[in-house]
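One structure is given below, encoded as structure tokens.
There are 4 protein chains.
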Amino acid sequence: MTGNIFGKLFKVTTFGESHGKALGLIIDGCPSGLELNESDIQKDLDRRKPGQSKITSARKEGDKVELLSGLFEGKTTGTPIAMIVYNKDQKSKSYDALKNIFRPGTADFTFFSKYGIRDYRGGGRASGRETLARVAAGAVAKKILAYKNTKIIAHTKEVYGIRAETFDETEIEKNTIRCADKNAAALMEKKIIEMSKQGDSVGGIVEIIAKNPPLNLGTPVFDKLDADLAKALMSIGAVKGVEIGEGFNVSNLKGSQNNDVFYKDKKNKLHYETNHTGGIIGGISNGEDIIIRIAVKPTPSILKEQIAMDVSGNKKNIQIKGRHDPCICPRIVPVAESMVALVLVDAMLRTSVARIEQL
Amino acid sequence: MTGNIFGKLFKVTTFGESHGKALGLIIDGCPSGLELNESDIQKDLDRRKPGQSKITSARKEGDKVELLSGLFEGKTTGTPIAMIVYNKDQKSKSYDALKNIFRPGTADFTFFSKYGIRDYRGGGRASGRETLARVAAGAVAKKILAYKNTKIIAHTKEVYGIRAETFDETEIEKNTIRCADKNAAALMEKKIIEMSKQGDSVGGIVEIIAKNPPLNLGTPVFDKLDADLAKALMSIGAVKGVEIGEGFNVSNLKGSQNNDVFYKDKKNKLHYETNHTGGIIGGISNGEDIIIRIAVKPTPSILKEQIAMDVSGNKKNIQIKGRHDPCICPRIVPVAESMVALVLVDAMLRTSVARIEQL
Amino acid sequence: MTGNIFGKLFKVTTFGESHGKALGLIIDGCPSGLELNESDIQKDLDRRKPGQSKITSARKEGDKVELLSGLFEGKTTGTPIAMIVYNKDQKSKSYDALKNIFRPGTADFTFFSKYGIRDYRGGGRASGRETLARVAAGAVAKKILAYKNTKIIAHTKEVYGIRAETFDETEIEKNTIRCADKNAAALMEKKIIEMSKQGDSVGGIVEIIAKNPPLNLGTPVFDKLDADLAKALMSIGAVKGVEIGEGFNVSNLKGSQNNDVFYKDKKNKLHYETNHTGGIIGGISNGEDIIIRIAVKPTPSILKEQIAMDVSGNKKNIQIKGRHDPCICPRIVPVAESMVALVLVDAMLRTSVARIEQL
Amino acid sequence: MTGNIFGKLFKVTTFGESHGKALGLIIDGCPSGLELNESDIQKDLDRRKPGQSKITSARKEGDKVELLSGLFEGKTTGTPIAMIVYNKDQKSKSYDALKNIFRPGTADFTFFSKYGIRDYRGGGRASGRETLARVAAGAVAKKILAYKNTKIIAHTKEVYGIRAETFDETEIEKNTIRCADKNAAALMEKKIIEMSKQGDSVGGIVEIIAKNPPLNLGTPVFDKLDADLAKALMSIGAVKGVEIGEGFNVSNLKGSQNNDVFYKDKKNKLHYETNHTGGIIGGISNGEDIIIRIAVKPTPSILKEQIAMDVSGNKKNIQIKGRHDPCICPRIVPVAESMVALVLVDAMLRTSVARIEQL
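Residue numbers (my numbering), protein chains in the order written: chain W, 94 to 452; chain V, 94 to 452; chain X, 94 to 452; chain D, 94 to 452.
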């Protein structure tokens with residue numbers, strides 16, 4: 094019944110509820126000798142936190158991370174790395190009205206049904222606030238990947254049907270949507286504000302790219318790299334779909350179109366002329382960029398009046414107060430990057446000995 | 094570096110290569126007292142095997158399963174259940190031409206790159222033949238689900254852009270495509286034969302439905318039921334995308350449209366008026382049907398001439414002989430059912446004690 | 094390379110070094126609905142802490158535990174339970190002299206050899222202080238066992254050859270040695286003080302009894318209950334041996350002596366006339382008390398002058414300052430109880446579904 | 094509820110009952126490129142098999158192993174290695190008399206209590222015959238260790254109080270007891286034959302030595318090398334105790350005696366003047382020989398009349414026919430070697446990346 098541990102050799106155990114004392118995590122399995130400090134982590138936490146713009150929730154989360162263990166003189170020691178972020182500004186009172194209510198589109202009912210008890214304050218453990226710990230862990234994974242010259246970039250690809258048509262990496266952090274297409278970003282933002290005024294929210298698609306990933310990651314047949322990525326990303330609350338490379342578009346393709354053809358570059362290294370497969374074939378990374386897209390549902394918490402259910406099973410009209418994200422895509426960006434980073438690092442550690450001569 | 098074990102409490106370890114002596118598996122964790130015999134398994138193996146129609150590969154696989162352990166007087170004993178299927182008709186010779194060739198769209202290169210050695214006969218471990226063991230294990234999982242009145246049904250939803258518009262469960266096994274829409278099935282079959290004549294293949298979409306699934310399955314935050322399903326299905330060689338409920342369509346929806354509204358049925362049981370979420374919310378099954386779709390790529394092995402790479406890195410035109418599946422969807426159907434069944438049974442076992450009073 | 098997670102379904106992840114900021118743990122998998130508060134934990138931490146008497150180390154550890162998550166209105170919710178104990182009184186300076194020294198009998202060299210970096214302050218992660226997190230986790234496990242009327246009792250059975258001959262449970266917490274034989278306790282204490290005056294330490298044997306354990310715990314063939322207990326107890330730093338029931342004395346017995354004979358009690362329940370096997374047979378608990386003994390080595394940190402090695406490989410005479418435990422047995426008692434409690438709870442959760450009708 | 098999988102990165106899944114169709118195993122995680130053939134395995138199976146001398150059971154087991162997968166042209170490929178041994182000579186009929194009987198000292202009752210069904214033929218899964226699969230897997234692990242110049246040697250150290258006083262490795266396979274002291278071997282054999290004539294059995298102690306083990310194996314704090322060894326060895330049916338280095342003798346030692354002192358050898362390599370610790374300190378191998386002893390109980394199946402229990406709970410005098418091992422120590426020798434080999438190989442794989450620069 095444990096489900097709060099991620100990874101096999103780079104294991105991340107997270108804890109914490111939306112309105113509890115603190116959230117945090119332990120990383121077990123980080124190699125020693127990695128330079129690490131709190132600002133490495135804080136940087137990404139700040140990208141995740143709410144209140145960054147008018148299109149994200151205004152709640153002040155602060156989210157100052159503290160490293161508790163696993164470091165000595167600025168370097169990891171191979172022992173568990175624990176981090177904690179204390180919750181501030183926990184206005185639990187404001188949630189009393191939801192005490193006996195199962196909100197539609199949320200995990201209120203399923204958590205209660207399963208556990209018979211529910212921390213109803215802000216969604217408890219089912220709150221999106223849980224992803225804070227993922228981002229903190231992911232920041233460590235990213236440092237390891239940087240050591241191997243691998244970089245993870247996520248961006249908002251689509252919002253309510255508006256799709257980015259161009260990709261300029263430098264644009265991503267310049268707009269509130271984290272879209273790599275300046276023009277699409279403007280349209281998306283306009284649409285989100287419009288929906289927000291209606292007290293509604295919208296869904297979208299986020300794309301994640303692992304640039305220059307290590308070769309040979311992934312362990313067939315069940316722990317294929319794409320399988321592990323799918324699980325990692327689908328475990329994010331708002332995600333309803335994952336696709337790699339051509340993804341669902343393969344349904345429109347012939348084999349002769351979809352197969353990627355090899356070539357050798359000037360350094361005699363093997364490459365592919367196309368990347369329909371998205372950098373993974375037979376469950377193993379082939380050295381090309383890994384390209385993944387995820388479907389992000391519209392935030393279920395909306396201002397618009399909705400029909401909920403109370404614990405006695407009666408329908409009840411409710412309006413959820415507070416400011417919620419009208420489109421969660423820009424805040425999913427750092428979370429998705431983190432999950433991909435965690436999968437790649439775990440796969441790297443697992444792949445370190447594949448052949449007897451590597452022992 | 095182990096990747097051939099699936100599940101946490103209902104663990105399936107598989108082995109075997111396309112042209113080795115045998116394929117098989119061990120199930121560790123099956124509860125005792127389940128009635129089981131070889132015909133329970135054989136039934137599904139026969140649905141997976143090639144040569145069932147003109148649109149599937151004509152190779153004669155036979156695939157007679159033998160139960161080796163874990164049973165006594167027709168019932169499981171709680172000890173490991175081993176099964177074996179001996180390979181017959183292993184014409185390894187016919188693969189000699191591929192000895193030094195990496196075929197495009199296959200795992201030939203990535204396996205060689207990772208392990209430095211490659212069983213090139215028919216794809217070795219990377220062959221689709223590996224799914225035989227998944228189906229055999231899945232048949233046991235299905236028997237357990239049947240004991241709880243849960244049924245898994247998969248069907249071909251789309252082929253090369255042709256989409257099923259109606260759903261009649263009784264149609265599925267009546268056509269070679271395993272499509273639940275008779276008319277669409279006819280169009281699909283026509284298109285596949287056309288492509289086959291061109292020496293090409295096509296992709297599609299398979300949908301899997303778990304009818305009457307147990308409530309409360311899934312373990313947040315990382316081992317959510319949808320996350321486990323995504324991994325299980327993405328681990329099938331041909332699958333490039335997984336979506337649950339509305340899936341990628343959430344990008345076109347507002348929160349007010351996507352949230353499912355509760356109601357109580359006549360027996361006072363909680364239900365939802367819609368099922369946008371696909372039976373899983375907050376990572377836990379809510380009792381509604383679980384609905385998943387997977388993107389199935391066009392078979393990479395095609396008769397058409399293609400550009401491959403030899404081990405020295407030179408391009409080489411090749412034509413892959415033998416009869417391959419021009420569309421693998423109908424044979425993915427039993428495999429996908431099996432993976433979903435394995436995930437649900439594993440989740441059931443993990444969910445058995447969520448509350449102290451269940452101990 | 095992860096080694097800081099204990100258990101399969103009741104998973105405990107611990108962190109922290111002797112002189113870092115804090116120690117703590119996360120329990121993932123605790124059933125919901127268990128009443129729990131900080132004093133449940135503190136009680137056992139106080140039994141473990143140093144400075145309880147003249148025969149234990151005088152370091153003031155304070156060790157106030159704080160519960161951070163997983164609870165709502167005094168009960169567990171099924172989400173991860175995190176606990177933290179901040180380190181106070183971290184006089185790291187006093188360890189500067191040991192910076193370049195590998196002390197004999199400690200993990201100084203092996204940690205450095207493996208990780209290439211070493212937190213030398215007080216042993217870092219290899220310090221006995223790490224057991225604090227085990228005891229905190231064990232306190233939760235004990236509450237679950239209490240719910241099932243199972244109790245774990247440990248006591249010092251032998252010290253430097255002096256063996257307890259009688260067993261009176263009420264005596265255990267009355268003497269500084271935690272020995273259940275009042276007379277032996279007096280002799281042991283005298284011997285320990287004598288050794289302490291010589292700047293030396295002594296080893297001993299601790300016995301752990303699980304009274305009224307649940308039937309059917311343990312999962313053959315590799316995860317037998319005795320195998321899991323052996324691992325759990327051998328993972329305590331000072332432990333060099335584990336035996337169950339007759340243990341090493343089986344070498345002196347005939348089969349006809351060692352086999353336990355069944356009988357039915359007045360309530361028609363199966364029992365054994367003897368308990369040579371120590372409550373576990375074929376790796377499964379048979380309902381009788383589980384009886385285990387562990388060999389506890391003499392504390393390696395002694396005041397007496399010793400020959401150490403410096404990082405350059407030169408021998409160096411050292412005297413380790415500070416007050417260390419001349420016999421660690423009484424402080425191992427709560428640690429050993431905790432490890433046994435953790436194993437039993439984990440086995441209970443794993444054993445909840447053995448038969449199909451329990452699903 | 095799965096308990097038939099051993100290891101974390103070198104995973105061994107075993108199956109089979111004493112009188113089922115076959116026994117076997119799958120190794121998942123063996124590096125590619127290892128030369129391996131059936132005679133590597135058969136050699137050790139022959140050392141384990143019954144009927145080798147007048148002091149071992151006379152049952153003809155044959156035990157011809159067949160490699161089914163994971164090899165190509167005589168080398169491992171990194172895919173699962175499956176092996177099978179078909180059972181011959183399964184005279185199940187002879188066990189009908191035991192159908193409703195729980196024999197004392199065996200797992201008959203606990204298996205029935207847990208699973209509600211029991212394969213009573215020769216102990217079913219609880220039979221010592223299960224260790225065949227351990228030995229087959231261990232043979233592969235030994236080949237990997239040989240590649241690193243590590244060798245595992247086990248020998249019978251004590252039988253019914255008679256202790257080997259000298260150690261001559263070349264003697265071990267020369268006597269039926271596998272004792273390294275020729276004179277003690279003669280006394281042991283005489284005693285065993287005497288007991289056998291009385292229809293009784295005796296216990297003993299087996300010692301296992303890992304010569305020239307790799308440095309740095311083991312992962313504190315829970316997966317210490319000694320903890321993993323203890324679990325592995327205690328999981329052997331007949332074992333009731335495990336000790337490392339001085340083991341239970343630490344209770345008689347002072348710290349100043351038990352601490353091992355370092356020295357540098359001529360090649361400037363660190364060593365220890367003594368090996369009280371048995372090659373493992375702080376849970377990590379220090380490069381010295383690893384020395385372990387296990388307590389082996391007297392075989393419970395004896396010819397002498399005993400009091401059993403029938404399923405209705407009535408006492409019943411029984412005499413167990415057939416020839417059983419009057420002392421199982423010599424046949425435990427290859428099993429214990431195998432378990433140690435499996436632990437070391439698994440630890441090697443886990444230890445391959447401890448530092449960032451090893452990535």
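All residues carry an ideal CB built from backbone N, CA and C; glycine is no exception.
Source: prediction; values computed, not measured.
Name the DSSP bridge partner or partners of Val-314 (chain V)? According to DSSP, which records beta bridges pairwise, Val-314 (chain V) is partnered with nothing at all.
Does any residue of chain B bring its CB to less than 8 Å from the CB of Ile-98 (chain D)? Within the model displayed, chain B is absent; protein chains W, V, X and D are what it includes.
Take Val-438 (chain W) and list the residues in its own chain whose beta-carbon comes closer than 7 Å to its own, dropping the five residues that flank it on each side. Phe-103, Ala-234, Ile-237 and Leu-238
Cutoff 6 Å; reference Ser-125 (chain W); Cβ partners in own chain excluding five residues on either side: Thr-169, Thr-170 and Gly-171
Would you mind giving the Cβ-Cβ distance between Val-228 (chain V) and Ser-431 (chain V), rounded to the nearest angstrom? I have them listed as a contact below 8 Å. 5 Å
Inspect the CB distances between the segment 277-293 of chain D and the segment 404-422 of chain D and report whether three or more fall short of 8 Å. yes
Assess, as a yes-or-no matter, whether the segment 345-363 of chain W is touched by the segment 189-208 of chain V under the definition of 3 or more beta carbon pairs within less than 8 Å. yes
The segment 438-449 of chain W: which residues have C-beta closer than 7 Å to a C-beta of chain D, in chain order? Met-441, Leu-442, Ser-445, Val-446, Ala-447, Arg-448 and Ile-449
Chain X partners of Ser-206 (chain D), CB-CB under 9 Å? Leu-308, Asn-309, Leu-363, Ile-377, Asn-379 and Gly-380
Should Gly-221 (chain D) be labelled buried (16 or more other beta-carbon atoms within 10 Å of its own) or exposed? buried
Chain W beta carbons: is any one of them nearer than 8 Å to that of Phe-195 (chain X)? no
Under the three-state DSSP convention, the category Phe-103 (chain W) falls into: coil
Measuring CB to CB, does Gly-330 (chain V) end up less than 8 Å from Gly-375 (chain W)? yes
Shorter than 8 Å from the beta carbon of Arg-227 (chain X) to some beta carbon of chain W? no
Run through the DSSP bridge pairs and tell me what Glu-159 (chain W) is partnered with. W:Ile-177
Sort out for me which residues DSSP pairs Gly-117 (chain D) with in a bridge. D:Phe-108 and D:Ile-177
Let me see if you follow: with CB-CB separation under 8 Å, is Leu-164 (chain V) close to chain X or not? no
Establish whether the CB of Arg-211 (chain D) and some CB of chain X are separated by less than 8 Å. no
Where the beta strand (DSSP E) through Leu-363 (chain V) begins and ends: 363-365
Nearest by alpha-carbon distance to Thr-107 (chain X): which of W:Val-343, W:Gln-145, W:Met-176 and W:Leu-452 is it? W:Met-176
Are there 16 or more other CB atoms within 10 angstroms of the CB of Gly-371 (chain V), so buried, or fewer, so exposed? buried
Between the segment 203-214 of chain X and the segment 242-262 of chain W, do three or more beta carbon pairs fall short of 8 Å? no
Looking at the structure shown, is Val-446 (chain W) part of a helix, part of a strand, or coil, going by DSSP? coil
How would you list, in chain order, the residues of chain V whose beta-carbon sits under 7 Å from the beta-carbon of Ile-119 (chain D)? Thr-106, Phe-108 and Ile-119
So, does the CB of Ile-218 (chain D) fall closer than 8 Å to a CB anywhere in chain X? Checking the sequence, you will find Arg at residue 218 (chain D) rather than Ile. Interface residue, yes.
So with Cβ pairs under 8 Å, would you call Leu-127 (chain W) a contact of chain D? yes
DSSP state of Glu-264 (chain X) mapped onto helix, strand, coil: helix
CA-CA distance, Asp-297 (chain W) and Glu-262 (chain W)? Inspection of the sequence shows that residue 297 (chain W) is occupied by Gly rather than by Asp. Those two C-alpha atoms are separated by around 19 Å.
The beta strand (DSSP E) spanning Lys-192 (chain V) covers which residue range? It is not in any beta strand (DSSP E) - Lys-192 (chain V) carries neither H nor E in the DSSP assignment.
Whether Lys-114 (chain D) touches Tyr-179 (chain D) by CB criterion (8 Å): yes
Among the residues of its own chain, which have a CB less than 6 Å from the CB of Arg-271 (chain V), if the five just before and after it don't count? His-248, Thr-249, Ile-265, Pro-423 and Val-426
Complete runs of the beta strand (DSSP E) confined to the segment 195-223 of chain V [at least 3 residues]: none
Compute the Euclidean distance between the alpha carbons of Asp-189 (chain X) and Pro-307 (chain W), then round it to the nearest angstrom. 41 Å
How close, in whole Å, do the beta carbons of Val-105 (chain X) and Leu-435 (chain X) come, if the pair is a contact with beta carbons under 8 Å? 6 Å
Spatial neighbours of Asp-293 (chain V) within its chain, please: CB distance less than 6 Å, with the 5 preceding and 5 following residues excluded, ordered by chain position. Ile-395 and Lys-397
Tell me which same chain residues have a C-beta within less than 7 Å of the C-beta of Lys-333 (chain D), skipping the five on either side of it? Ala-388 and Lys-390
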